[in-house]
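Numbering (the numbering used here), first residue to last: 982 to 1364.
A quick write-up on the structure given underneath.
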C-alpha cells in the first residue's frame, strides 16, 4: 500500500476547502464556514458511531474548542492568532471565536445545548420562504454537509454558519426533502399572529392587569416616544417628560431613568398617562414582562405608523447589512447566520456580512417586525 502526499500552502488549502464547501474563498468567510462545519462534525460523530451496547455520548465544550485549536489552526498563516478568542480590531472589525460560532449554531438550531457544557446535534429541517416554492432552501441540522448530501442526493452550499440548497441545480427534486420542509415561521417559533394583532392582544392583557401607580412618578420616568418630534436629532426614542412639546397622554411605555434603577434590569411599564394641571401623571400601570419588551416597542411603532429601516448591500456571493438596533426573540436568530464586521461604540456587533442566499429569509423575518428593507446593488453585482 502506498500513499501520496502533497505539500500545500495555507492559501491553496483554503482554496480547495472553499471548493469542497462551495463557498467564497475570502479568509473571514472560509474561517467561519470551516469552523462551523468542524463543530457540527465534532458533535455529530459520537451519535453516528453509537450502538445499542455503546450509546452515544454528548461532547463537552472544552473538548470541542480544544479540537478546533489543534486541528484547524494550521489553515491560516497568522498562526499566532488563536481562532478560539474573539477580537475587535482598531477599525472595529470583529473576529468571531470558536465559542461564538458554537453559540450561533445553537441559536439557529443546528446543535442543542444539553447543560453543563454538553452538546448534541439538532434534527434536520429544510426551511423555505413564504413567497415561493422554488427559491433557495435553508438547511438546519447538526449532521455534517457530506452526510446530508448522501442522504438527500443533493448539493449543499456552506457559507458562514448557514447551509443552503439551490433547487435549480441539476438532479434536485423537491420530493427528496419534502418530509423535512418547513416554513420560516415554523423554524423561528414564537408568535404565530402578525405584529399588529400580537400588539393589540399584549396591550389588552397588560391593561387588564393594571394597578394604581404607587411610588412611581411620571415626572421621574422616561417615555418611549418614537412618534415625538420625528426627523429631529435625538439620542434615542426614550424621552423625559420635559422633552415633550405637548404633555403625553394615553397608553405609553415608560421606564425609570438609569440613575434611578439597575441598568442591567431596568423595568419597563405600560402606563395610562393623563394631564393634570399641565403635568403628566400616571393613572394606572402594569409591569411589562422582560421577554416581550422589545417586541412591544416594534408593535408600538407600527401602531403610530413608524418604520425602522435596514439597508442590505447586495453582492453576487456576500452581502452586508447594518442593524443598529436589537431585534426581539425569536427574530434575532436570523442574524446568527451572519458574521459581524463592525461594532458600535460599546463593542456590540451591528454590521454583518452573510451569504447572498440568506437575503430572502432575512427580508421575510425583518418584514415581520414592520422593518422597511432597502436594497443597494454593489457595482460588481450582476443585475
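Cβ coordinates follow ideal geometry from the N, Cα and C atoms, glycine included.
For clarity, every value in this text was computed on a predicted model and none was experimentally measured.
Following the DSSP letters along the chain, one finds residue 1188 inside the alpha helix (DSSP H) bounded by residues 1176-1189. Listed in chain order, the non-local C-beta contacts of residue 1094 below 7 Å within the same chain comprise 1087 and 1100, local neighbours out to five positions each way being set aside.
Closest option to residue 1001, judged by alpha-carbon separation, among 1144, 988, 1236 and 1162: 1144. Per DSSP, reduced to three states, the secondary structure at residue 987 is coil, with no helix or strand assignment.
In the assembly as shown, residue 1187 is a buried residue. Its beta-carbon has 16 or more other beta-carbons within 10 Å. Shown here, residue 1138 sits in a strand according to DSSP, grouped into three states.
The stretch 1122-1136 and the stretch 1303-1319 do not touch, with fewer than three beta-carbon pairs separated by less than 8 Å. Within the same chain, 1166 come within 8 Å of residue 1173 by CB-CB distance, once the 5 residues on both sides are set aside. Per DSSP, residue 1047 lies in no beta strand (DSSP E); the unbroken alpha helix (DSSP H) holding it starts and ends at 1042-1052. Assigned with DSSP and collapsed to three states, residue 1280 falls in helix. Residue pairing by DSSP puts residue 1358 in a beta bridge opposite 1295. By the neighbour-count criterion, in which 16 or more other beta carbons inside 10 Å mark a residue as buried, residue 986 falls on the exposed side.
Less than 8 Å separates the beta-carbon of residue 1110 from that of residue 1345. Distance from the CA of residue 1169 to the CA of residue 1351, rounded to the nearest whole angstrom, comes to 16 Å.
Considered as a whole, the stretch 1106-1132 harbours 1106-1109 and 1118-1121 as its complete beta strand (DSSP E) runs of no fewer than 3 residues, in chain order.
In this structure the stretch 1217-1231 touches the stretch 1255-1265; the number of beta carbon pairs closer than 8 Å is three or more. For residue 1164, the enclosing beta strand (DSSP E) has its first and last residue at 1162-1164. Here the alpha carbons of residue 1085 and residue 1247 stand approximately 27 Å from one another.
Rounded to whole angstroms, the gap between the alpha carbons of residue 1106 and residue 1118 is 10 Å. By a beta-carbon distance limit of 8 Å, residue 1290 does not contact residue 1357. Their separation comes to about 12 Å. Selection 1049, 1047, 1023 and 1239 evaluated against residue 1038 yields 1023 as nearest (Cα-Cα). Here residue 1268 is bridged, per DSSP, to 1250. Residue pairing by DSSP places residue 1081 opposite no residue, since no beta bridge is assigned to it.
Contact between residue 1299 and residue 1010 is confirmed by a C-beta separation of about 6 Å, below the 8 Å threshold.
Beyond the five residues adjoining it in sequence on each side, residue 1284 comes within less than 7 Å, by CB distance, of 1180 in the same chain, given in chain order. In the structure shown, the three-state DSSP call for residue 1349 is helix. Following the DSSP letters along the chain, one finds residue 1332 inside the beta strand (DSSP E) bounded by residues 1330-1336. The beta-carbon distance between residue 1089 and residue 1142, rounded to whole angstroms, is 6 Å. This is short enough to meet the 8 Å contact definition.
Taken atom to atom, the span from the alpha-carbon of residue 1016 to that of residue 1082 is near 8 Å. Residue state for residue 1228 is assigned as coil, using DSSP reduced to three classes. Inclusion of residue 1266 and residue 1184 in the CB contact set at 8 Å is not warranted, their separation being larger than that value. DSSP, reduced to helix, strand and coil, places residue 1030 outside both helices and strands of the structure shown, so it counts as coil. Residue 1201 is not a Cβ neighbour of residue 1229, given a cutoff of 8 Å. A Cβ-Cβ distance of about 13 Å is found for the pair residue 1191 and residue 1234, leaving them out of contact under the 8 Å criterion. Membership of residue 1201 in any beta strand (DSSP E) is not indicated, and neither H nor E is assigned to it by DSSP. In the DSSP secondary-structure assignment, residue 1099 is bridged to 1041 and 1096.
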